[in-house]
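In my numbering, the protein residues as written are 319 to 874.
Think of the CB as a built atom: it goes at the ideal place given N, C-alpha and C, for glycine as much as any other residue.
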Amino acid sequence: MNSVQQIQEALKADIKQAIIQAELATEAELPAIVLEKPKEKAHGDYATNIAMQLARIAKKAPRQIAEDIIANLDQAKASVNEIEIAGPGFINFFMDNSYLTDLIPVILKEQDAYGKTNAGNGHKMQVEFVSANPTGDLHLGHARGAAVGDSLCNILDAAGYNVEREYYINDAGNQINNLAISVEARYMQALGREWPMPEDGYHGKDIITLGEELAANYKDEWVNKPEEERLAFFRSYGLKYELKKLAADLEQFRVTFDHWFSETSLYEEGKIEPALNVLKEKDYTYEKDAATWFRTTDFGDDKDRVLIKNDGSYTYLTPDIAYHKNKLDRGFETLINIWGADHHGYIPRMRAAIQALGYKANTLEVEIIQMVNLFENGEKVKMSKRTGKAVTLRELMEEVGIDAMRYFFVMRSSDAHLDFDMDLAKSESNDNPVYYVQYAHARICTMLRQATEKGFSINEDFDANLLGTEKEEDLLKQLGAFPQVIVDAAQNRTPHRMTQYVFDLSSNLHSFYNAEKVLDAEHPERTKARLALMQAVRITLANALDLIGVSAPESM
RNA sequence: GUCCCAGUAGCUCAGCAGGAUAGAGCAACAGCCUUCUAAGCUGUGGGUCGGGAGUUCGAAUCUCUCCUGGGACGCCA
């Protein structure tokens, strides 16, 4: 908890105390006291609507209640300068902002750690994301999921949650057989043979490259081998190749995982039967039409789901239930799955499984990432999975750069469709929010560099009382809010909140920069104070950018 | 047909555990570089928050209903 949060908590506690003292409500009746930051500066630093909320309980007019609260509030203790009652019964607090001057030394001292809190209390959670089939290149939807998932993990981590990142590898189903026959076809084609791509094959360019690689390394060695042996080889070779490529692309995209979990391992380690047995023992299953069904309708799904098909094999759901049981067995208290919009229909049955296994429905959270539409020259770029012409993560990284992608993909709320404007993302102009934000950081670096050259030292040895302009105070307040912004973004699972914060802070920095001169030989003391402020802004900007995986350049 | 998401300024979007005069960027218009990077700043105009009803002191926010756009509804994965 930093000084700003301490002040807020203290104020809330004092308000609560005042209400009880004034006998407006008992502690049990009292709703949570919410302090909000008014949009209008004229409405103070904080405002609360508690007087209106208490109107019914206390059976008094809101404004009268507000009077009673104020009368019982020790202003000095709560660091309040001035209180006013406004509108229908808002209580506006104008704070004694001297605490803000303590902020800069804290930020300069904490550096990379500034913003981190223990709000999450080490709550053990796991975020599973991307989890794309190892049968082709990552496309835009995966890229957005990767950016959002990674940023969310960073934010949760900074807010004091104990978070693990996991990638589920679907290496057991039909799609891997299709991968094998696709690799086979590309291998044969690379050797100049007539060998049509099967209907269900993967048409991605990566498989063509893979076929060529095989042809170069093995010549026609595999052409005349028995089909079973050949396909087994292509299967394992293809899987390794694809996984290596996925990991490399993601790493380049600044996304790494703590754990890559193989679906096949569930079979090898016999995890599926025990999971199935839990459902059977609890009588959530039944037999019908020579298949085994899971009664997901008991948990609100609109129809029951098959677990074991009439040919004896499992549906996709069955190992997935075993997988989620495994996650829970590993002791995670909350599971977050980040899925593409096309999987949202899958949520009720997975949540049913969680409950059937004996856990609360909200143990599993599913964040749905809506579609990405790519725009170039003002026109929507058409994508086709069949022809393999979808734009890949790698191509986009090469074309628009990682910083722009990371920023754009988390810029919007995840449940809104995203129009990705390639021209904007590529443009090195003020239209591009990534440049705007990075420029703010680079600008500060330039000032700090020149300050050092001119012999100014940047450290905690400065007089904070020399910082008092409106823009300086705005910056300080915003810096102080950073830890709480992280907590909010973590609790609400809204990483896009972080891009907003970065943008707003950058905007205030640019505004300050144009209004005030930092390096001023005629006012060395004020210069030192402003340099310290600039350093604090720089650290906060860099920390915020780091949370969303965007670099903070020192010059541009 | 059922379910999910969205509908807010000309465009792209914030705001949605109800709160004061609904915000930002872009676009439009008017200004600011002999001064730390103008990749920047300052100002102006712009809205029936998809329509309608309800809940209450108060609704963009909650409920119902209708309209529009997108997605999902396999013994595929």
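Can you tell me whether residue i is buried or exposed, with buried defined as 16 or more other CB within 10 angstroms of its CB?
| i | result |
| --- | --- |
| A839 | exposed |
| H460 | buried |
| Q853 | buried |
| V755 | buried |
| S824 | buried |
| Y604 | exposed |
| S416 | exposed |
| V352 | exposed |
| H841 | exposed |
| R704 | The predicted position of R704 is uncertain, since its pLDDT is 49 and thus under 50; a value taken from the coordinates is nonetheless stated next. Exposed is the call here. |
| S500 | buried |
| A331 | exposed |
| G467 | buried |
| H642 | buried |
| K562 | exposed |
| E269 | The first residue shown for the chain is 319 and the last is 874, placing residue 269 beyond what the model contains. |
Would DSSP call residue i helix, strand or coil?
| i | result |
| --- | --- |
| E512 | coil |
| E591 | helix |
| F727 | helix |
| F693 | strand |
| H759 | helix |
| A533 | helix |
| T858 | helix |
| Y432 | coil |
| A461 | helix |
| R704 | At R704 the pLDDT is 49, less than 50, meaning the model places this residue with poor confidence and gives no usable figure here. |
| E347 | coil |
| E517 | coil |
| G556 | helix |
| D601 | coil |
| T710 | strand |
| V398 | strand |
| K698 | strand |
| L456 | coil |
| A404 | strand |
| F551 | helix |
| Y585 | helix |
| Y831 | helix |
| H841 | coil |
| S775 | coil |
| A437 | coil |
Report yes if the C-beta distance between residue i and residue j is below 7 Å; otherwise report no.
| i | j | result |
| --- | --- | --- |
| I401 | I422 | no |
| Y819 | V805 | no |
| L653 | K645 | yes |
| D297 | S580 | The requested residue 297 is not part of the displayed model; the chain covers only 319 to 874. |
| V684 | Y725 | no |
| I687 | S747 | no |
| I866 | S469 | yes |
| I375 | A350 | no |
| V728 | P813 | yes |
| L794 | L418 | yes |
| L827 | A769 | no |
| V836 | D721 | no |
| P666 | A760 | no |
| F883 | D363 | Here the chain comprises residues numbered 319 to 874, so residue 883 is not present and cannot be evaluated. |
| V448 | A465 | no |
| R844 | L797 | no |
Where DSSP assigns a beta bridge to residue i, which residues make up the other side?
| i | result |
| --- | --- |
| L353 | T366 |
| S580 | I487 |
| Q444 | E482 and L653 |
| K606 | A609 |
| D741 | Answer by DSSP bridge pairing: none, since D741 is not bridged. |
| G658 | I687 |
| V624 | W611 |
| M413 | V398 |
| P682 | For clarity, residue 682 is Leu in the given sequence; the question names Pro instead. L682 pairs with L653. |
| L736 | V690 |
| Y632 | I626 |
Open item on the list: For the pair the region 479-496 and the region 437-449, tell me if three or more CB-CB distances fall below 8 Å.
Closed with: Yes, since at least three Cβ pairs between the region 479-496 and the region 437-449 fall closer than 8 Å, the two stretches touch.
Open item on the list: So, does the region 607-624 touch the region 519-537, judging by three or more C-beta pairs under 8 Å?
Closed with: Segments in contact, no.
Open item on the list: Assess contact between the region 420-436 and the region 369-380, defined as three or more Cβ pairs (one per stretch) separated by less than 8 Å. Is contact present?
Closed with: In this structure the region 420-436 does not touch the region 369-380; the number of beta carbon pairs closer than 8 Å is below three.
Open item on the list: Closer than 8 Å is the cut-off here; do at least three beta carbon pairs connect the region 486-504 with the region 770-783?
Closed with: Touching, no, given that fewer than three Cβ pairs across the two stretches are closer than 8 Å.
Task: Touching by the beta-carbon criterion (3+ pairs, under 8 Å), the region 608-617 and the region 669-678 - done: They touch, by the three-pair rule.
- [ ] State whether the region 451-460 contacts the region 710-721, with contact taken as three or more CB pairs (one from each stretch) at a distance under 8 Å.
- [x] Yes: at least three Cβ pairs fall under 8 Å.
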